[in-house]
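Notes follow once the structure below has been shown.
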Amino acid sequence: MAHVVPHRANFPDRSWRALAAMAATALLAACARTAVPDRTPPLPDDAPRAAADEAALRDPQAGPALTDAELIDHVLARVTFGARPADRELVARIGPTAFLEEQLHPERIDDAAVAGRLAAYRAVTASPAELLRDLAARQKREASAESFLQAMVQAEESRARARTDGPGGAFVGELAQAKMVRAVASERQLEEVMVDFWFNHFNVFGGKDRIRTLVGSYERDAIRPHALGRFRDLLGATAQHPAMLVYLDNWRSSASTSPARQRRTEFRWLAKAKRPGRGLNENYARELLELHTLGVDGGYTQEDVTEVARCFTGWTVAELRSDPRYLFRRGMHDDGEKRVLGTVIEAGGGESDGQAVLDLLARHPSTARFVANKLVRRFVSDDPPQLLVERVAETFESTGGDIRSMLRTIFSSPELFSRRALRAKVRSPLELVAGSVRALGGDVDDALSLARAVERIGEPLYQAQPPTGYGDTAGAWVSSGALLARINFALALAEGRMDGVRVDLSSLVEGEAGPDQVLSRAQALLGAGELSDRTREFVLARLREVPAKRVEKKPDVLAERAVGLLLGAPELQRR
Amino acid sequence: MTMNPFGRRHFLQGSAVLLASFGVSADPGARKRKLVFLFLTGGLDGLSVLSPTAEAGLRELRPGLLDEKAIPLESGLALHPALAPLLPLYRDNVLAFAHAVGQPDPTRSHFDAQDYLELGTPGVKSTRDGWLSRALQLSSAGGPRTPLDAVAISQHLPRSLQGGAKAFAFGSLGAVRLRPLAGGPGGARGRSLARDTFEALYAGARDPNMAAAGKETFEALALLEERLGLDGRGRDESTEYPRTAAGNSLRQLAALIKADLGLRVGCASIGGWDTHANQPGELSRRLGDLGRALAAFWSDLGDARDDTLLVAVTEFGRTVRQNGALGTDHGHGSIALMLGGRVDGGKVYGRWPGASPAALHDGRDLAVTTDVRAVLATAAEAQLGVSDLGALFPGYRGSKLGYLRAPGLSLR
Chain A
25 MAHVVPHRAN FPDRSWRALA AMAATALLAA CARTAVPDRT PPLPDDAPRA AADEAALRDP
85 QAGPALTDAE LIDHVLARVT FGARPADREL VARIGPTAFL EEQLHPERID DAAVAGRLAA
145 YRAVTASPAE LLRDLAARQK REASAESFLQ AMVQAEESRA RARTDGPGGA FVGELAQAKM
205 VRAVASERQL EEVMVDFWFN HFNVFGGKDR IRTLVGSYER DAIRPHALGR FRDLLGATAQ
265 HPAMLVYLDN WRSSASTSPA RQRRTEFRWL AKAKRPGRGL NENYARELLE LHTLGVDGGY
325 TQEDVTEVAR CFTGWTVAEL RSDPRYLFRR GMHDDGEKRV LGTVIEAGGG ESDGQAVLDL
385 LARHPSTARF VANKLVRRFV SDDPPQLLVE RVAETFESTG GDIRSMLRTI FSSPELFSRR
445 ALRAKVRSPL ELVAGSVRAL GGDVDDALSL ARAVERIGEP LYQAQPPTGY GDTAGAWVSS
505 GALLARINFA LALAEGRMDG VRVDLSSLVE GEAGPDQVLS RAQALLGAGE LSDRTREFVL
565 ARLREVPAKR VEKKPDVLAE RAVGLLLGAP ELQRR
Chain B
10 MTMNPFGRRH FLQGSAVLLA SFGVSADPGA RKRKLVFLFL TGGLDGLSVL SPTAEAGLRE
70 LRPGLLDEKA IPLESGLALH PALAPLLPLY RDNVLAFAHA VGQPDPTRSH FDAQDYLELG
130 TPGVKSTRDG WLSRALQLSS AGGPRTPLDA VAISQHLPRS LQGGAKAFAF GSLGAVRLRP
190 LAGGPGGARG RSLARDTFEA LYAGARDPNM AAAGKETFEA LALLEERLGL DGRGRDESTE
250 YPRTAAGNSL RQLAALIKAD LGLRVGCASI GGWDTHANQP GELSRRLGDL GRALAAFWSD
310 LGDARDDTLL VAVTEFGRTV RQNGALGTDH GHGSIALMLG GRVDGGKVYG RWPGASPAAL
370 HDGRDLAVTT DVRAVLATAA EAQLGVSDLG ALFPGYRGSK LGYLRAPGLS LR
């Protein structure tokens, strides 16, 4: 966060701050998107400090209040993919409050360097229509491959690629790499965290044949613009994006007995009656209620699912194979009266039926609670403190689902800054890989090896099959095979053996530092916090046994071993 | 080398002691039933695997796909000639097929159909656990579990094994190992130093979940190293497998089964069955590969044959009519293959639905007369002791397909 625009902490009063913020926004218009206006005031000065002190008062059993250093590490651990050494200095200088407010307004943060690097990934920048044209051109080239043998080799290679094989698999690979670039290098860390959070909340599976060319647009056009905006906008954008319409089959859902269909069947009953994919499909309706809004215990019935599905009939996709885009087809729509959660949606509403359902769901208290619970789980702990969930749900309701406001409620809560929340979360594979590279100040020339590491540790990016997306609790990530992959990644990264990633550990061994000193420096660099005496003693013993000759030949070897052992240790699997 | 301050755990010293600690007898005669689930992804053309020669209509619908060299089996069905390596197993009555097998859901999306099959709930995507994970949780068979209770030869855990049961996924046995530590010895010594080191670090973890995962991981590593040798040395690799995905997966599953590590469920998936174009050549190559891999697997299993049941299924079949590119498109009914010491083999199970236009599903695909869950349920009951069909396949009201000999009547 080196390129921060004015530090609002320098302005004594709030109206000045607002003005300054507006000026900053204007200055950065070139790289900024339209900013969603603030619905709640900025965090009060020193909110995290006050919250930490209050947490210690309220809950003395949790231990003393977080120290300033712990507070900084904790803020960075929750709001970014992991602290870079320079981030700690920045937060120490401007204070956690200013840092959080800055991150809550990504449009005010210059991120030109990363934007430039992303231009290399066509799947990130191009429209689905352009990607489909690329794909067609590539297939044509392959079809006219010079020799039969060449074609066979190409086919074999493309098959070798697990479930992303087949046409368009490369696009998902590009997206995964772009995501790694952003997670490691973007200055707008909270925005990236929230894009990841919402993509998972409204998951689509990039491996499904027709979705591969749509995923880039889905994240760019439906998720990212609203990641810190209003929940209702997010809901509406995902509901009408071709990726979601295809993933959960709504594009094929039509009235079971629409008048148009009845007419058809009268004349050609045999042929039409057996056409596949006709009729109501409840997939989207079910997941909309269960996963996107109310939650499984949110108080809806199977009848509600069916009625919601009827409302969304006709929300389909035009020109799926050439220029996919949302389209309402009246002929597929069930125009009868529906009753959703006790509310009557009158007959003849057409396309507005679906919008009415989204409005109803976005206003429903169960949605506020469900979303609040998920946010608190992401930022605070696997077992979300219920009082905080209630306050965040209240913020949801009082601000019309303003995401930035909900985050402010969390970012000023004693629950977040309680000692109980310190390192309470297991790092997801993405967080582990991106965070480790950030901690070491690594330069990423080619993100492929990082994307593959994330996959090996259990989170192939854009490839979560189920509509639930990836889990956000320790149980989802702590397993035998994954642990080996975590440790192997740590060892490889420390030794500079991740292709395309440069790490420089020479500062750890500067001045012929011995094992003790190297370990302390590595600990500070990685934000390892307090290691148990056992771990420290143990790592130290392993450092001392490196033969002097080895150290003489290659002084970095001590640093490599120290960093490898720490990054692979249980303490560093948490944030 | 300095001593590890935590000390090396004693039970790692001898594999017999280690296995005994999981309740697994190291006695090679111990009977442990194993279920191998082979998922043929992409939609296998069952009509090419077992071609109904008596269906006159096929000559018209798929003239370019009928192979004159197909091997007649029984009452009007002929085996694809590339599967000739399986003929001895079929004649030996350890291999059976079922025809017109599939899922009731009409989807023709690979993703949906694969998902439905792996979840065991056609039409329902929100099911939490995969069918094999449920089978393991419902299992009444076997004693305490080893860390290698369920294994998938795969980069990540397949949907069928995701859920409440513990399972281990790895791309290859060779990948189940740690890198050596920087500045230390390389090779096997370096890796075992790394293992001891991290084993001790995780044994000391404050977080009980992390400590438990560490324990499982390092026990699995130790088991594999003790029984199969670091770097795979000490493995019996005398059986010749094709050097393909099918061959590699089955070779590794056979190695795990033979090493008697407590494995109960093995999983692998083999892709490439999505033959939209040039099907005859493509399919011959792939079926030849599959046939040779399965024959090698069977020969490799040796004494473990009686305890092993392999079931191979696919997400859907293909259109009866060939398309313009001498291929076929996504269809409905296909075949299943069952191989095992207790299989009542040499037979093709199921009811033939016919291939006349009126008999076809949607007028274009082979209909489904045997729910794939009927095939899987039999396997789960026989190999894992799962008797609660409703819990195994929520919403399934069908029965089990009887393709096994009664216990104790093994002919082998």
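Which chain is which? The protein sequence lines are A and B, in order. For the first sequence, our numbering gives the first residue as 25, with consecutive numbering after it. For the second sequence, our numbering gives the first residue as 10, with consecutive numbering after it. Idealized CB from N, CA, C, for every residue including glycine.
Simplified DSSP assignment, three categories, for residue i
i: residue 339 of chain A; result: strand
i: residue 183 of chain B; result: helix
i: residue 239 of chain A; result: helix
i: residue 175 of chain B; result: coil
i: residue 349 of chain B; result: strand
i: residue 599 of chain A; result: coil
i: residue 323 of chain B; result: strand
i: residue 203 of chain A; result: helix
i: residue 317 of chain B; result: strand
i: residue 341 of chain B; result: coil
i: residue 402 of chain B; result: coil
i: residue 108 of chain B; result: strand
i: residue 253 of chain B; result: coil
i: residue 232 of chain A; result: coil
i: residue 136 of chain B; result: coil
For residue i, the first and last residue of its enclosing alpha helix (DSSP H)
i: residue 211 of chain A; result: Note, residue 211 of chain A: premise wrong, no alpha helix (DSSP H); not H, not E.
i: residue 389 of chain A; result: 389-403
i: residue 563 of chain A; result: 557-568
i: residue 473 of chain A; result: 472-480
i: residue 434 of chain A; result: 427-435
i: residue 292 of chain B; result: 288-310
Where residue i meets chain A, residues with beta-carbon distance less than 7 Å
i: residue 219 of chain B; result: 502, 594, 597
i: residue 216 of chain B; result: 594
Residue j beta carbon less than 8 Å from that of residue i
i: residue 159 of chain B; j: residue 175 of chain B; result: yes
i: residue 200 of chain B; j: residue 187 of chain B; result: yes
i: residue 424 of chain A; j: residue 254 of chain A; result: yes
i: residue 274 of chain B; j: residue 318 of chain B; result: no
i: residue 93 of chain A; j: residue 79 of chain A; result: no
i: residue 152 of chain A; j: residue 210 of chain A; result: no
i: residue 467 of chain A; j: residue 526 of chain A; result: yes
i: residue 58 of chain B; j: residue 89 of chain B; result: yes
i: residue 106 of chain B; j: residue 368 of chain B; result: no
i: residue 139 of chain B; j: residue 128 of chain B; result: yes
i: residue 156 of chain A; j: residue 237 of chain A; result: yes
i: residue 373 of chain B; j: residue 407 of chain B; result: no
i: residue 316 of chain A; j: residue 403 of chain A; result: no
Endpoints, the beta strand (DSSP E) within which residue i is located
i: residue 275 of chain B; result: 274-279
i: residue 47 of chain B; result: 43-49
i: residue 60 of chain B; result: 59-61
i: residue 576 of chain A; result: Segment 572-577 is the alpha helix (DSSP H) holding residue 576 of chain A; no beta strand (DSSP E) there.
Chain-ordered chain A contacts of residue i [CB-CB under 8 Å]
i: residue 178 of chain B; result: 505
Partner residues on chain B for residue i, Cβ-Cβ distance less than 8 Å
i: residue 574 of chain A; result: 192
i: residue 556 of chain A; result: 213, 215
i: residue 231 of chain A; result: 120
Contact list for residue i against chain B, beta-carbon separation under 7 Å
i: residue 512 of chain A; result: 187, 188
i: residue 516 of chain A; result: 188
i: residue 267 of chain A; result: What residue 267 of chain A touches in chain B: nothing, since even the nearest Cβ is about 13 Å away.
i: residue 307 of chain A; result: 134
Partners in chain A for residue i, counting only beta-carbon separations shorter than 9 Å
i: residue 226 of chain B; result: 503, 504, 505, 506, 507, 508, 511
i: residue 168 of chain B; result: 489, 490
Listed by chain order, chain E residues near residue i by CB distance under 9 Å
i: residue 227 of chain A; result: The displayed structure is made up of protein chains A and B, and chain E is not among them.
Under 9 Å by beta carbon: chain B residues contacting residue i
i: residue 419 of chain A; result: Those within 9 Å of residue 419 of chain A in chain B number zero; the least Cβ separation is about 29 Å.
Looking at C-beta atoms only, is the number of pairs between the segment 194-208 of chain B and the segment 298-305 of chain B that lie closer than 8 Å three or more? Counting C-beta pairs closer than 8 Å gives fewer than three between the segment 194-208 of chain B and the segment 298-305 of chain B, which falls short of the contact rule.
Stretch pair the segment 475-483 of chain A + the segment 438-447 of chain A: three plus CB contacts closer than 8 Å: Below 8 Å, too few C-beta pairs join the segment 475-483 of chain A and the segment 438-447 of chain A to call them touching: fewer than three.
Stretch-stretch touch, CB-based, cutoff 8 Å, three pairs: the segment 558-574 of chain A with the segment 506-522 of chain A: Taking 8 Å as the limit for Cβ pairs, the verdict is that the segment 506-522 of chain A does not touch the segment 558-574 of chain A.
Across the segment 55-71 of chain B and the segment 164-179 of chain B, are there enough close Cβ pairs to call them in contact, namely three or more that are closer than 8 Å? Contact fails: fewer than three Cβ-Cβ distances are below 8 Å.
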